[in-house]
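Remarks on the structure that follows.
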Amino acid sequence: MDRYAEQARRVARAVLRDPDDADDAAQDAFLSALVKLEQYDPRRPFGPWLMRIVANAATDRRRRRSVRSAEPLDPGVVGGGPRPDVVAERSALSERLRQALAELPERRRLAVVLFDVEGYSHAEIAGMLKIPEGTVRSEVFHARRKLRTLLEDWREPS
Amino acid sequence: MTEHQMPFDHQPDTELGDALRRALAPAAHDAFVARVMSRVGTTRAGSWDVLASWAGRGIAAALLVLGAGFAAGRLMQPAVGTASLEEALVMGPADSGGAATAVVRGSRPPDASVVFSSLRP
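Protein sequence lines, in the order shown, are assigned to chains A and V. If you're matching positions, the first sequence starts at 1 in this note's numbering and goes up one per residue. If you're matching positions, the second sequence starts at 1 in this note's numbering and goes up one per residue.
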């Protein structure tokens, strides 16, 4: 679990903007994976199987988010230290990227995060999202076009 | 962004990937892992509770179905089987099959006088 925790939380956050909601979804996914472990085929890679559960858990949570509140992490355990993205410029860019991501359709967000951040192949993502491989390529293309523009605009003034 | 990358490039865009990774970076890794691990035990116990509740409901439903089936079976028993020999004989010779059935299926022995009176010389 330790190995996939960050990845699962990033993928969940690609669907759910709120980090606490994303953590709840990632937790749901890990517990669901534990229950479904007998269904996992050990001849196949574990990551795509788990990320499929994470994506489904995040999507489910987004659908019922209006009636359930997120469970925050224990503040005593979290501590008050700075987050990794608190350095001013990076923090601002990260916020703009999150906003840009949020404007993308959910499937597009997942596709670009799974491909460019998590390094899964188009075929693996197609299996996770249950869509054709060509559609994954198209979704990654459209997401990149928008996010690249944002990055280029950000780079221009500096 | 790297200039050489085409829109349908099959390689991950490392610069965009790094920027997105920073943007989506989760905080408090250890707290998250600890929280999930603390739920693992309760989830296993919870799943047994769910199964137990399903079993209870299943048994209740099975008993209801059995009871309903038994009652329906009692109601659907043919009426001829409950007729007594006397009633069958009153119906007349055309229903001699009914008399035979009443003798076979009857829960009490037929009155001998009725049997003998039905015999014709």
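Quick reminder that beta carbons are idealized off the backbone N, C-alpha and C, glycines included.
**Report entry** Distance between beta carbons of A:Asp-21 and A:Asp-61, contact taken as under 8 Å
**Finding:** Against the first sequence, residue 61 of chain A aligns to sequence position 61. Against the first sequence, residue 21 of chain A aligns to sequence position 21. The sequence given here places Arg at residue 61 of chain A; Asp does not occur at that position. Right, the Cβ-Cβ distance comes to about 6 Å (below 8 Å), so this counts as a contact.
Query raised in the report: With DSSP run on the structure shown, which of helix, strand or coil describes A:Asp-153?
Result: In the first sequence, counting from the first residue as 1, residue 153 of chain A sits at position 153. Of the three classes helix, strand and coil, the one that applies to A:Asp-153 here is helix, per DSSP.
**Report entry** Simplified DSSP assignment, three categories, for A:Arg-17
**Finding:** On the first sequence, residue 17 of chain A is found 17 positions in, with the first residue counted as 1. Looking at A:Arg-17 - three-state DSSP - the assignment turns out to be coil, as it is neither helix nor strand.
**Report entry** When V:Gly-67, V:Gly-41 and V:Ala-25 are compared against A:Phe-30, the one with the closest alpha-carbon
**Finding:** As a working mapping, residue 30 of chain A is identified with position 30 in the first sequence. Per the C-alpha coordinates, the member of V:Gly-67, V:Gly-41 and V:Ala-25 positioned closest to A:Phe-30 is V:Gly-41.
Query raised in the report: According to the neighbour-count rule (16 or more other Cβ atoms, all chains shown, within 10 Å of its Cβ), is V:Met-76 buried or exposed?
Result: Stepping through the second sequence from its first residue, residue 76 of chain V is reached at position 76. Its Cβ having fewer than 16 others within 10 Å, V:Met-76 is exposed.
Query raised in the report: Taking only beta-carbon atoms, is A:Glu-6 less than 7 Å away from chain V?
Result: Sequence index remark: in the first sequence, residue 6 of chain A carries index 6 (1-based). Yes, A:Glu-6 lies at the interface with chain V (some Cβ there is under 7 Å from its Cβ).
**Report entry** Short Cβ contact (7 Å threshold) for A:Ala-26 with A:Ala-12
**Finding:** As a working note, residue 26 of chain A is residue 26 in the first sequence. As a working note, residue 12 of chain A is residue 12 in the first sequence. Yes; because the gap between Cβ atoms is below 7 Å, this pair is in contact.
Query raised in the report: Is there contact here, the region 143–154 of chain A with the region 99–110 of chain A, by at least three beta-carbon pairs under 8 Å?
Result: yes
Requested in this report: Please look up how many angstroms separate the CB atoms of V:Leu-20 and A:Val-117, rounded, as I've assumed it's under 8 Å.
Outcome: As a working mapping, residue 20 of chain V is identified with position 20 in the second sequence. As a working mapping, residue 117 of chain A is identified with position 117 in the first sequence. So it is a contact: roughly 5 Å between Cβ atoms.
Requested in this report: Could you pull the start and end residues of the alpha helix (DSSP H) that A:Ile-125 belongs to?
Outcome: For the purposes of this step, residue 125 of chain A is taken as the residue at position 125 of the first sequence. Start and end: 122–129.
Query - Close Cβ partners of A:Phe-51 (< 6 Å) along its chain, the five nearest in sequence each way excluded - result: Residue 51 of chain A sits at position 51 when you count from the first residue of the first sequence. Looking at the sequence itself, residue 51 of chain A is Met, so the reference to Phe does not match. Only Val-11 and Met-128 meet the Cβ criterion.
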